[in-house]
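Chemist: Taken in order, these protein sequences are the chains called E and R. Quick note, our numbering runs 15 ahead of the 1-based positions in the first sequence. Quick note, our numbering runs 1 ahead of the 1-based positions in the second sequence. Even for Gly, the Cβ is constructed at its ideal location relative to N, Cα and C. Here the structure is a predicted model, which is why all the values come from computation and not from measurement. One structure, as structure tokens, below. Some questions next.
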Amino acid sequence: MSFVMFAATINFFLASLAALISFGIIRKVTGDLALSWRYSFIAFQILALSTLLTAIYELGIRSVAGISLQLLTYISHFVFVILAFFGLLYQYRILKGLTDRGVK
Amino acid sequence: MTAANLLAIVVTIVGIAAALIARKTWLLVEDDLADSWRWILPSVPVYAISFAILVMHNLLQKYAVPQPVFDLAFSVSLIKKQAMLTIKIWEPIILVLKNIQVLVELLFLILVLIGLIRQYRLFQELYRKQDRG
Numbered sequence: 016m017s018f019v020m021f022a023a024t025i026n027f028f029l030a031s032l033a034a035l036i037s038f039g040i041i042r043k044v045t046g047d048l049a050l051s052w053r054y055s056f057i058a059f060q061i062l063a064l065s066t067l068l069t070a071i072y073e074l075g076i077r078s079v080a081g082i083s084l085q086l087l088t089y090i091s092h093f094v095f096v097i098l099a100f101f102g103l104l105y106q107y108r109i110l111k112g113l114t115d116r117g118v119k
Numbered sequence: 002m003t004a005a006n007l008l009a010i011v012v013t014i015v016g017i018a019a020a021l022i023a024r025k026t027w028l029l030v031e032d033d034l035a036d037s038w039r040w041i042l043p044s045v046p047v048y049a050i051s052f053a054i055l056v057m058h059n060l061l062q063k064y065a066v067p068q069p070v071f072d073l074a075f076s077v078s079l080i081k082k083q084a085m086l087t088i089k090i091w092e093p094i095i096l097v098l099k100n101i102q103v104l105v106e107l108l109f110l111i112l113v114l115i116g117l118i119r120q121y122r123l124f125q126e127l128y129r130k131q132d133r134g
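So, in structure tokens, the structure goes:
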């Protein structure tokens, strides 16, 4: 097992754990805040998938169904970062709305 | 430049933009929530750095010289009973960069997990208080 594969496997478990914790938070909150955490729940699942793809790439498998595995990894990272971006933006708007209401 | 490399560059840029939003959120909140955001805040640029390293790794791999960076050869011949030692190091920076990238990604996930656990505890506490009230 190469070092990259070992680290990618650990990353996979950590990302899965992050997704589980996000799911736990979804169950504790309601409304718009729950929706913003749903973004992070899906985002961490996709990050877990991309780390898994990295580990598979390190095994020597270069393509799946004719699509480059490296490209698939980057696409999943791209989806993750877009979801994380909009999740953070959504949460920022909620918190800004709450603090504005608090100021008034 | 391949589509994969272009995507990696876009991911880095969006990661930096997400880091700016995380900073703005951190500035908005106070007390325990600010503490949890303090862990999530550095994690986002760390992720962007991890992808910047990956972009660098891919570019170096593409434009790397096809010769070893370090070449050491040692030869002893005692009437043709030869002993030979050859050490060739091929682009060690590229190999190290890939390792650094996964380690930075690991650091990102550790930071995110600490922040998430803190937020989970905070929301759990709020939920209990609400339940009692």
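Would you call the stretch 43-60 of chain E and the stretch 90-104 of chain E in contact, with 3 or more CB pairs under 8 Å?
Modeler: Touching, yes, given that three or more Cβ pairs across the two stretches are closer than 8 Å.
Chemist: DSSP three-state label for E/V79, please.
Modeler: strand
Chemist: Is it true that the CB of R/W40 sits closer than 8 Å to the CB of R/I115?
Modeler: yes
Chemist: With 7 Å as the C-beta to C-beta threshold (strictly closer), list the residues of the stretch 85-104 of chain E near chain R in chain order.
Modeler: Listed by position along the chain: Q85, L86, Y89, I90, H92, F93, V96, I97, A99, F100, L103, L104.
Chemist: Just checking, does the stretch 94-112 of chain R make contact with the stretch 48-65 of chain R on the three C-beta pairs under 8 Å criterion?
Modeler: yes
Chemist: Name, please, each residue of chain E whose Cβ falls closer than 7 Å to the Cβ of R/Q62.
Modeler: Those do not exist, as R/Q62 stays about 11 Å from chain E at its closest Cβ, beyond 7 Å.
Chemist: Excluding five sequence neighbours on each side, which residues of the same chain lie with their C-beta closer than 7 Å to the C-beta of E/V44?
Modeler: Cβ neighbours of E/V44 beyond the five flanking positions: W52.
Chemist: Please report how far the alpha carbon of E/Y72 lies from the alpha carbon of R/K99, in whole angstroms.
Modeler: 13 Å
Chemist: Quick one: using the 10 Å Cβ neighbour count with 16 as the cut-off for buried, is E/S91 buried or exposed?
Modeler: Burial call: buried.
Chemist: Output the boundary residues of the alpha helix (DSSP H) element that contains R/V45.
Modeler: 32-64
Chemist: For E/Q60 and chain R, any beta-carbon pair shorter than 8 Å?
Modeler: For E/Q60, no Cβ of chain R is located within less than 8 Å of the residue's own Cβ.
Chemist: Buried or exposed: R/Q62, going by 16 or more other Cβ atoms within 10 Å of its Cβ?
Modeler: Under this definition R/Q62 is an exposed residue.
Chemist: Near R/A19, which residues of its chain fall below 6 Å by C-beta distance, leaving aside the five closest residues on each side in sequence?
Modeler: Contacts found: V45.
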